[in-house]
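Position one of the sequence shown corresponds to residue 160 (this note's numbering), numbered consecutively onward. Note that beta-carbon positions come from the ideal geometry of N, C-alpha and C, so glycine has one too. I have placed the structure first, in the form of structure tokens, so that the comments after it can refer back to it.
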Amino acid sequence: TRPTDGQVLVFGHHLTPGAPVLSRLGALVEGPGFLPHLSGNENLRLYWRSTGRPFEDAHFDEVLEIAELGKAIHRKARTYSHGMKQRLAIAQAMLGLPELLVLDEPTDGLDPPQIARMRNVLKRYAVNGRAVLVSSHLLAEVEQTCTHVVVVHQGQLVAAGQVSEVASSGRRLEEAFLALVEGGPADDRE
């Protein structure tokens, strides 16, 4: 779907194809996509070359550590599990250590230990003056990972603020979400 109204600004700049501000942004949206006949390593290097940015600006060693693929980084991407592709896609989004990292369902396909490690990676990433924007339906994970939350329901902004404020009254974020979008306390529904 195409937007019918509004605009998207990133760091005060309109977000359009080829806009210079895109070099300050890393993203994983709509799941990972790699050339299956290339290795994970070759896919990362091809992606970086396509950005036109200097090779020395890439942080290959750091992101390969995040991806936790070990020697599998040299195997063809077609042999990767869904979780391996997801970790490689997050690593790709982080290659240039962008100021803003946008991740759609970043824990999709990850097992519980990998989710816990990815949660810590994202928290550390954000501590260094960068921002991480996570889109997720896994509200318990959002609650454990994020400091702030924006609740959007049917295209409308419903709530925004610190997770503790939105979830208030000792409720879990999921309970607060249900109350916000269904118009009443989550435990009052039949």
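- Note on geometry: alpha-carbon atoms of L297 and I225 lie some 21 angstroms from one another.
- Residue E227 holds the alpha-carbon nearest to the alpha-carbon of G199 among E227, D267, V169 and T266.
- The closest CA to that of G171, considering only L184, T163 and D164, is found on L184.
- A residue is called buried when at least 16 other Cβ atoms come within 10 angstroms of its Cβ; L247 meets this threshold and is buried.
- Uninterrupted alpha helix (DSSP H) stretches at least 4 residues long and entirely within the region 212-246 occur at 219-226, given in chain order.
- T266 counts as buried, since at least 16 other C-beta atoms from the protein chains shown sit within 10 angstroms of its C-beta.
- No Cβ-Cβ contact shorter than 8 angstroms links L281 with L259.
- Annotation: the continuous beta strand (DSSP E) that includes A318 extends over Q315 to Q321.
- Looking at the backbone, the Cα of L187 and that of T210 are separated by about 15 angstroms.
- For V169, the closest alpha carbon among the candidates D220, P257 and L269 is that of P257.
- Rounded to whole angstroms, the separation of the alpha carbons of S327 and L254 is 36 angstroms.
- The criterion of a C-beta distance shorter than 8 angstroms is satisfied by K244 and A236.
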